[in-house]
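The structure appears below as structure tokens.
Residue numbers (this note's numbering), protein chains in the order written: chain A, 6 to 649; chain B, 75 to 387.
Here you go:
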């Protein structure tokens, strides 16, 4: 294979020596033939004396005739040269390499729906990707994939630019946040073992810190072996950025909930944030019900980067659907709408087993008509065993029946003895709440930081149990969740602490009852698009019907006592008999400020190389086409007798 | 004209005859029959050959007087003039005689060129003239010429001979060189003992030695000469460009020519000069001359000849 380093070309067909030899011989033969006296075309005439040789031909005309012949020679030489060029089949050295393996990863997350680019950011990303795949070298292969919360391969590894362009055009926007880590993991997996792997990320660069961290781990990980976890360490990772400006006000949160202290009352709160670089005033409207009756309308002034919270204090209609929207347009309409449902009122059936406890009774009384409490003496605990599963929650106050129940919902206060679900390992003196899991439903809106406890039992947790709050490793509040079983336990007697004297106690009881009874299932908070929501299913159900905001229906399997429903778009989902609001608001996705530099791990991603320019068509093809055109020209000039 | 009108006339000489194929197809015969009708109207009432000769003979129409010479028939002595003028004058009368028509058709190789070949039109014109002559009971002979006198068809009268004429002309092939003067000398030698008449020479007149001598010879031989020059359109305006070798079909001479627009104009000028030269030469010598193109219809040419007058009455 001959190579012309100066031109960056390599010959795939004839060798350089053979091409030069044939060229010299061809030019010599062509020139020789043209120098020979051409054999004239014989024309039979009736009377030759009428024809005079060179009749009236001027000197200039004679020269023009000679010139035309030389022009014909030049045309023939050009055609010969082009055919020789096609036979040599020169390719660019860049394209002549073993061929690069591209993965073009197109971000289709919510922020890519921003309209600061012509069309949308996704439209600009598609254009960049199209230019990329149409400019690949002849030996290059590419795979087009898109990602948001998950990854979709839009094509296999292809060399056909048209198929790749069709795959790029097939990418559609979605409302989910981008999971860069998952996308890069996919890219690393498909690029493993491919020659000259190159990853081109076409995105606005808006990713969460977690996603960046996961991505950075992939880039920093040691090169992948045959069986190792995929890595991008040896992959040439490029970034084609899109996005021009930041002009967006987003509804970051919208929820309605009942007051724990007064479950008969509900309120709604909406969080608005200005991601733009300029102050703005937005108009927020909140409507309710299927008829979208307007229930609130406010103007909110926002400084750059400011976040404001607006509360609608009394939302009386239980089960109502609420929709909030911003009237002013911005670059990302997706987060200008938010949805919420007003939780319904449920009347819990509670069995309290234990000695009289004014503190506990007081907390239960605070639930008002949302709870129906039945009581039983400790010695009658076994007589009530058969009815435990018929109650929403059974409270064992200082009682631990043996054997411990395997199904049902139970709240243990200071469990002791062999019946305790969390066996005691001794007494803990003067414990404090040193560690709390704030995200757990038991601790919602609770602050236990300065609670004083005289003593507590050292509870032993099994695998899968959760220490919701603990004192330096000793669980003070424990939770257990098994199929058909939910148990919460306080490791101490509330009467030997100042907890009942605090407002936190009735809240803790309400949270515990709500979590145990699964009332959260009926009062699910708004879900985020891109997440998977666990929706409790009716007992015995194996599938639930799911209707998404577009009205599309699907049947979803029940795993355990709940269905895991992926949330794809904002709006109201109906899962079984549960209404679930879903919002696209995401602080990362809504921040549309352009990202100038994308650094992952220790690498700052550079833009992709410009297209090779000659497209995917080999030079030989163009040479043949030009030769054909010259032959046509030669034929025309000969036929019209311009050159003969 | 419908098909019935174009068919050979019932009772005509062509009806039921086997027409030669080639140059003289059914269409030619139909048009020839039509031509006969037209020419018959032009010589209405002439049931026999009645061309008046300039010879003084036993006619009935007075022509002139001349002095008596010894040996003259005393019956034609004009006694009335002798009584008035005392001079012996004899009365001269125009003698009616039939016309001898000789159709000379050039069959040299150059006549085979053209599309259609010039010889085709020449043969068709010759056949048409012969047919009209035969129909008028003239004596018609047909002879081919090239560099000498070729085959000939002996003189004949009457329309019944037309098929012989057609077969003769259909068999004519274009070959050989052109030497009109040699052919004219042969012709005169062959007709030394015959009466002089009309000679129709149909040729392209591409004679390296020129046509003048031939025409002069015929004229000096006291023949009434009609020259019909047949040219091909591509000879008048050839569509040639570039470097070519022109090959003379008769002489075999080959010469390299670069045909440019200028050279083409020069050729056309020379060709036009040849045509005009023949026309001028004939005009000066009271020779009827016609120039036709090989793609013209033969009947149109014949009618043109008739309209020019003087050929047949």
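Ideal Cβ positions, reconstructed from N, Cα and C, are used throughout, including at glycine. As the structure is a prediction and not an experimental result, all values here were calculated from the model.
Check the Cβ of residue 282 of chain B against every Cβ in chain A and list those closer than 7 Å, keeping chain order.
54
Paired residues, beta bridge with residue 316 of chain B - DSSP:
B/333
Along chain A, which residues have their Cβ under 7 Å away from the Cβ of residue 278 of chain B?
51
Contacts that residue 57 of chain A makes with chain B (C-beta to C-beta distance below 9 Å):
329, 331, 337, 340, 341 and 344
What residue range does the alpha helix (DSSP H) around residue 514 of chain A cover?
509-522
For residue 564 of chain A, count the other beta carbons within 10 Å of its own beta carbon; 16 or more makes it buried, fewer makes it exposed. Which is it?
exposed
Per the DSSP calculation, residue 52 of chain A is bridged to which residue(s)?
Residue 52 of chain A pairs with nothing; no bridge assigned.
Distance check for residue 342 of chain B and residue 208 of chain B, CA to CA, integer angstroms please.
39 Å
Report yes if the CB atom of residue 327 of chain A is closer than 8 Å to the CB atom of residue 346 of chain A, and no otherwise.
yes
Between the C-alpha atoms of residue 15 of chain A and residue 90 of chain A, what's the straight-line distance to the nearest angstrom?
12 Å
Quick check on DSSP: helix, strand or coil for residue 239 of chain B?
helix
Decide if residue 393 of chain A is buried, meaning its Cβ has at least 16 other Cβ atoms within 10 Å, or exposed.
buried
Which residues in chain A sit within 9 Å of residue 184 of chain B, going by Cβ to Cβ distance?
50, 51 and 52
Take the Cβ of residue 129 of chain B as the centre, count every other Cβ of all protein chains shown within 10 Å, and call the residue buried at 16 or more, exposed below.
Because the pLDDT at residue 129 of chain B is just 49, under 50, the model does not fix this residue reliably, and the value given afterwards should be weighed accordingly. Exposed, because fewer than 16 other Cβ atoms sit within 10 Å of the Cβ of residue 129 of chain B.
In whole angstroms, what separates the C-alpha of residue 118 of chain B from that of residue 376 of chain B?
Because residue 118 of chain B sits at a pLDDT of 29, beneath the cut-off of 50, its placement in the model cannot be relied upon, and the following sentence gives the value as read from the coordinates. Spanning the two alpha carbons is a distance of roughly 18 Å.
Would you grab the beta carbon distance between residue 471 of chain A and residue 479 of chain A for me? Rounded to a whole angstrom, and I think it's under 8 Å.
Contact doesn't hold; Cβ gap of about 14 Å is too wide.
With distances taken between CB atoms, is the gap from residue 200 of chain B to residue 243 of chain B smaller than 8 Å?
yes
What are the boundary residues of the alpha helix (DSSP H) that residue 303 of chain B is part of?
Residue 303 of chain B -> not in any alpha helix (DSSP H); beta strand (DSSP E) instead, spanning 298-305.
Identify each residue in the stretch 26-50 of chain A for which the Cβ-Cβ distance to at least one residue of chain B is less than 8 Å, and report them in chain order.
43, 45, 46, 47, 48, 49 and 50
Enumerate in chain order the residues of its own chain whose CB-to-CB distance from residue 192 of chain A is below 6 Å, with the five nearest sequence positions on each side excluded.
108, 110 and 204
Would residue 159 of chain B be called buried (16 or more neighbouring beta carbons within 10 Å of its own) or exposed?
exposed
Count the CB pairs spanning the stretch 272-284 of chain B and the stretch 183-197 of chain B that are closer than 8 Å, and state whether there are at least three.
yes
Could you tell me which chain A residues have their CB closer than 7 Å to the CB of residue 309 of chain B, listed as they occur along the chain?
51
Opening and closing residue of the beta strand (DSSP E) in which residue 640 of chain A lies:
First-last for residue 640 of chain A: 624-644, but that is the alpha helix (DSSP H), not the beta strand (DSSP E).
Of all the residues that make up the stretch 311-324 of chain B, which are near chain A by a beta-carbon distance shorter than 9 Å?
312, 314, 315, 316, 317, 318, 319, 320, 321, 322, 323 and 324
How should residue 259 of chain A be labelled, buried or exposed, when 16 other C-beta atoms within 10 angstroms of its C-beta is the threshold for buried?
buried
I believe residue 287 of chain A touches residue 333 of chain A by the beta-carbon criterion, under 8 Å. Please report the beta-carbon distance rounded to the nearest angstrom.
5 Å
Would you decide whether residue 637 of chain A is buried or exposed? Buried here means 16 or more other CB atoms lie within 10 Å of its CB.
exposed
Of the residues that make up the stretch 185-196 of chain B, which ones have a beta carbon closer than 7 Å to any beta carbon in chain A?
187
Would you list the residues sitting across from residue 163 of chain A in a DSSP beta bridge?
A/147
Nearest neighbour of residue 183 of chain B, chosen from B/316, B/250 and B/175 [CA to CA]:
B/250
Considering residue 495 of chain A, what are the terminal residues of the beta strand (DSSP E) in which it resides?
490-495
So which of A/363, A/425 and A/452 has the shortest CA-CA distance to residue 438 of chain A?
A/452
Output needed for residue 3 of chain A: all residues of its chain with C-beta closer than 6 Å, excluding positions within five of it in sequence on either side, in chain order.
With chain A represented from 6 up to 649, any question about residue 3 of chain A goes unanswered, as that position is not in the structure.
Less than 8 Å between CB atoms is the rule here; does residue 20 of chain A satisfy it with respect to chain B?
no
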